[in-house]
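Just add 5 to wherever you are in the sequence shown, counting from 1, and you've got our numbering.
Note that the Cβ used here is the ideal one computed from N, Cα and C, for glycine as well.
Inspection log for the structure reproduced underneath, given as structure tokens.
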Amino acid sequence: MRAAAPAQRSNVIRLPGFPSGAGTVLEVASIDPALLTAVSRDVAMSVPAIAACRNLIVGAAIQMDMERYAGAERLDPGQLLRQPDPDCTVAETLAQTLDDLMFEGRAYWLVLATDTQTSFANPNGFPVRARRVPATWVVEDLDPDFAAYTRVKAFNVNGTTVDPSRVLRFKADHEGVLRFGARTIWSAVKQEQAADRMSSVDIPAGVIHSEGAEVDDAEADAIVARFEAQRQNHTVAFLQNAKFERSALNAADLQLLDSRGQAATECARLFNVPVVQIGASPTGHTGSSLLYSNVQQNAAAFVGQAVVPLLRVIEATLSLPSSTPRGQQIAFAVGQYLRSDPGAAVDYVTQLVAAQILTPDEGRAYLGVANVGAQPDLTPGRV
Numbered sequence: 006m007r008a009a010a011p012a013q014r015s016n017v018i019r020l021p022g023f024p025s026g027a028g029t030v031l032e033v034a035s036i037d038p039a040l041l042t043a044v045s046r047d048v049a050m051s052v053p054a055i056a057a058c059r060n061l062i063v064g065a066a067i068q069m070d071m072e073r074y075a076g077a078e079r080l081d082p083g084q085l086l087r088q089p090d091p092d093c094t095v096a097e098t099l100a101q102t103l104d105d106l107m108f109e110g111r112a113y114w115l116v117l118a119t120d121t122q123t124s125f126a127n128p129n130g131f132p133v134r135a136r137r138v139p140a141t142w143v144v145e146d147l148d149p150d151f152a153a154y155t156r157v158k159a160f161n162v163n164g165t166t167v168d169p170s171r172v173l174r175f176k177a178d179h180e181g182v183l184r185f186g187a188r189t190i191w192s193a194v195k196q197e198q199a200a201d202r203m204s205s206v207d208i209p210a211g212v213i214h215s216e217g218a219e220v221d222d223a224e225a226d227a228i229v230a231r232f233e234a235q236r237q238n239h240t241v242a243f244l245q246n247a248k249f250e251r252s253a254l255n256a257a258d259l260q261l262l263d264s265r266g267q268a269a270t271e272c273a274r275l276f277n278v279p280v281v282q283i284g285a286s287p288t289g290h291t292g293s294s295l296l297y298s299n300v301q302q303n304a305a306a307f308v309g310q311a312v313v314p315l316l317r318v319i320e321a322t323l324s325l326p327s328s329t330p331r332g333q334q335i336a337f338a339v340g341q342y343l344r345s346d347p348g349a350a351v352d353y354v355t356q357l358v359a360a361q362i363l364t365p366d367e368g369r370a371y372l373g374v375a376n377v378g379a380q381p382d383l384t385p386g387r388v
């Protein structure tokens, strides 16, 4: 009786919710389906390029204060913007929120306290204290009726049902790097694992050729194991009826520099970070140089492409009538990031003062320079 032929692995991945037929499938050649599933944040952060992108974005954002405006007037920011969580600083809350937006595509603050102001959109008062909760803890209970005025019926936070009025929901314009970048992240992880394996080899890679009688697999394994042990313990080894031929591998081959450089470039593109910011290259090979002549241009591109879209999500959410009185807007002081480059900051302030947009005193305050003869009141460590 002839055995049934083994089933061949299909390279066709069907998109859920679509009928079978021409034009409704995604044909992918020789791709492991595991590469297309979401990865965990811990796995993603084990890749140096991804950790660098995340830290660059968060590091730039926490340098910018959140401010409250009513038209052209700047108001007191209030407790929600100064320190939303009584257990940690605003920088920590902001960093965790940005982390969730990047990796999960969504973030949540649990309202802890409200003030006495009420409105039609917020009858319980406006939030003055809130705590970030991990996005993975939150499940949204949505009304299946798309014609409903509001589809959010409740939030399930770590097993507890919470009314929507007690949750501030931040939603990015994507489903999270851990999902849409799963294949790129897994590829980068495999590159790092391969480099680790190559770096753990204590002796040069090579091949042992038998010059005597033919040996079976067990004898061959024993010869290789004995050869490796002798080289590691005594630096020399004796081979009888065999010859060792060393492979021509250099340090770049052992460290997989080209392939890891390509992986770093692809990871930077996931976060919209200019590849030069993490030492990668637009071509995916030799790293590019961050020169003094282009540092200001790259900093502007980095903030505009990678940081501002995430900040805009937070600004828009905190400016909603459910969070802020009508007529008021929340905005980040993006210009503060320029103070990390003194030359660019001086040029920026000088042009604003010349255009009479800022007064000299406001320019001094921006640069952190006290008036002559005045008692300086400068906060140390601010850039």
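Which word fits residue i, buried or exposed, when buried means at least 16 other C-beta atoms lie within 10 angstroms of its C-beta?
i    : result
D263 : exposed
L80  : exposed
A234 : exposed
F151 : exposed
T29  : Low confidence applies to T29: its pLDDT is 41, below 50, so where it sits in the model is not reliable, and the reading given next is rough at best. With fewer than 16 Cβ atoms within 10 Å of its Cβ, T29 is classed as exposed.
E32  : Below a pLDDT of 50, predicted positions are generally treated as unreliable, and E32, at 45, falls in that range; the measurement from the model is reported next regardless. When all chains shown are included, E32 counts as exposed.
I62  : buried
Q282 : buried
R265 : buried
A27  : No answer about A27 holds up, because its pLDDT of 43 lies below 50 and its placement is not dependable.
G368 : buried
L316 : buried
T329 : buried
A350 : buried
V318 : buried
T355 : exposed
T94  : exposed
V229 : exposed
I18  : Model confidence at I18 stands at a pLDDT of 44, short of 50, so the residue's coordinates are unreliable; what they give is reported in the following sentence. Classification of I18: exposed, given that the 10 Å Cβ count is below 16.
T165 : exposed
I55  : buried
A1   : Because the chain spans 6 through 388 in this model, residue 1 falls outside it and cannot be assessed.
Measure the Cβ-Cβ separation of residue i and residue j and say whether it is below 8 Å.
i    : j    : result
A135 : W114 : yes
T102 : R46  : no
G186 : G110 : no
L147 : A43  : no
P82  : M71  : yes
R59  : D104 : yes
T189 : L275 : yes
A65  : V278 : no
V308 : V280 : no
D178 : P314 : yes
N161 : V143 : yes
A336 : E320 : yes
Q310 : S324 : no
G332 : A159 : no
Have a look at the options and flag the residue whose alpha-carbon is nearest the alpha-carbon of residue i.
i    : options                   : result
M69  : E78, N60 and L99          : L99
S191 : L363, C272 and A311       : The identity of residue 191 in the sequence shown is Trp, whereas the question assumes Ser. Out of L363, C272 and A311, C272 has the C-alpha closest to the C-alpha of W191.
V157 : P169, I335 and Q310       : P169
V133 : V162, R171, A57 and A193  : R171
T119 : R231, P89 and T94         : P89
L86  : D201, T322, N129 and A230 : T322
A268 : R331, R236 and V194       : V194
A112 : Q361, N238 and K176       : K176
D201 : E78, I362 and S51         : S51
V220 : Q237, N246 and R231       : N246
T270 : Q196, N238 and D226       : Q196
K248 : A225, A153 and E78        : A225
A57  : Q361, G284 and P365       : G284
Q198 : L357, G348, L363 and A49  : A49
F108 : T141, Q84, F131 and T123  : T141
I84  : A223, I67 and L117        : Checking the sequence shown, residue 84 turns out to be Gln, not Ile. The candidate whose alpha carbon is nearest that of Q84 is L117.
A217 : Q237, N238 and L244       : In the sequence as displayed, the identity of residue 217 is Gly instead of Ala. Answer by Cα proximity: L244.
What are the boundary residues of the alpha helix (DSSP H) that includes residue i?
i    : result
V280 : Careful: V280 lies outside any alpha helix (DSSP H) and carries neither H nor E.
A65  : P53 to A66
A338 : Taken as a continuous stretch (DSSP letters only), A338 belongs to no alpha helix (DSSP H), as it is neither H nor E.
Q84  : Q84 to R87
A96  : V95 to F108
E320 : V313 to L323
D47  : R46 to M50
What are the boundary residues of the beta strand (DSSP E) that includes residue i?
i    : result
R73  : M71 to A75
L117 : R111 to T119
L80  : E78 to L80
Self-check item: Secondary structure, beta strand (DSSP E): runs of 3+ residues fully inside the segment 131–183
Solution: Runs of the beta strand (DSSP E) lying entirely within the segment 131–183 and spanning at least 3 residues, in chain order: 132–138, 143–147, 157–162, 165–167 and 172–176.
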